[in-house]
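K.L.:
In my numbering, the protein residues as written are 12 to 219.
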């Protein structure tokens with residue numbers, strides 16, 4: 012078995028491609044590039060691909076990861092060159108490696124938020140000092156309150172943008188636009204925001 016890890020960016024208009032459509036685009040690109048992806052056995056075979064945490068529609072990213080099992084070994088640079096020649100605009104492979112990061116160990120993600128209005132340090136400090144940070148969450152049974160405090164690892168002000176490190180696992184996942192909504196609820200409206208995911212971490216904040 013030849014397993015490869017693909018790091019890629021999703022920028023420009025590609026940020027409006029849903030995760031499902033993105034998976035389809037990757038499968039098409041792999042076929043067109045003649046990358047020998049391995050398929051599952053059975054009545055409904057599918058390509059053996061696995062993806063990290065889906066990127067919300069409207070977000071850009073420079074750190075996304077997916078893994079693929081190939082039928083045979085190939086040169087990593089050749090795979091990247093062939094695949095990039097077939098991918099749609101805004102999706103670009105940054106690195107191909109046989110040393111695969113364990114995407115199941117992802118616990119946090121770092122985001123850069125570029126808001127219309129920057130909050131002050133005093134607001135962020137008081138926001139994080141709350142014992143609870145409660146938001147209204149839509150569920151199938153209606154609106155429910157949820158405390159997101161434990162899912163916020165870091166919030167840092169960096170000139171004209173905000174860095175947030177938030178939970179990003181299968182059991183705890185917090186998006187920065189939800190934190191922005193909490194900012195508004197607690198007294199500061201960021202206005203229009205651009206969101207970009209830039210890094211994944213394990214539980215000890217080691218980069219993945």
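All C-beta atoms in this analysis are idealised placements derived from N, C-alpha and C, irrespective of residue type, glycine included. In this text, all values refer to a predicted model and were calculated from it rather than measured experimentally.
May I have a chain-ordered list of the alpha helix (DSSP H) segments no shorter than 4 residues that lie completely inside the region 72-105?
P.N.:
For the region 72-105, whole alpha helix (DSSP H) runs of length 4 or above, ordered along the chain, are 87-95.
K.L.:
Just the C-alpha distance for residue 110 and residue 16, rounded to the nearest angstrom, thanks.
P.N.:
Distance between the alpha carbons of residue 110 and residue 16: 7 Å.
K.L.:
For residue 84 and residue 93, I'd like the C-alpha separation in whole angstroms.
P.N.:
Each residue's alpha carbon lies about 15 Å from the other.
K.L.:
Where are the alpha helix (DSSP H) runs, 4 residues long or more, that stay fully inside the region 101-179, in chain order?
P.N.:
Segments of the alpha helix (DSSP H) lying fully in the region 101-179: 132-139.
K.L.:
Taking the C-alpha atoms as reference points, what is the distance between residue 129 and residue 186?
P.N.:
C-alpha separation (whole angstroms): 18 Å.
K.L.:
Quick test of the definition: if touching needs 3 or more C-beta pairs under 8 Å, does the region 177-184 touch the region 100-120?
P.N.:
Short answer: they touch.
K.L.:
Can you tell me which of the three DSSP states residue 209 falls into?
P.N.:
Three-state result, residue 209: strand.
K.L.:
Kindly give me the distance between the Cβ atoms of residue 216 and residue 101, rounded to whole angstroms, as I take these residues to be in contact under 8 Å.
P.N.:
Residue 216 to residue 101, Cβ: 29 Å. No contact.
K.L.:
Taking all protein chains shown into account, decide if residue 148 is buried (16 or more other Cβ within 10 angstroms of its Cβ) or exposed.
P.N.:
Exposed: under 16 other Cβ atoms inside 10 Å.
K.L.:
If we count the other Cβ atoms within 10 Å of its Cβ and call it buried at 16 or more, is residue 208 buried or exposed?
P.N.:
Per the 10 Å Cβ criterion, buried.
K.L.:
Quick one: what's residue 62 bridged to in DSSP?
P.N.:
Per DSSP, 77.
K.L.:
CA-CA distance, residue 172 and residue 206?
P.N.:
Those two C-alpha atoms are separated by around 10 Å.
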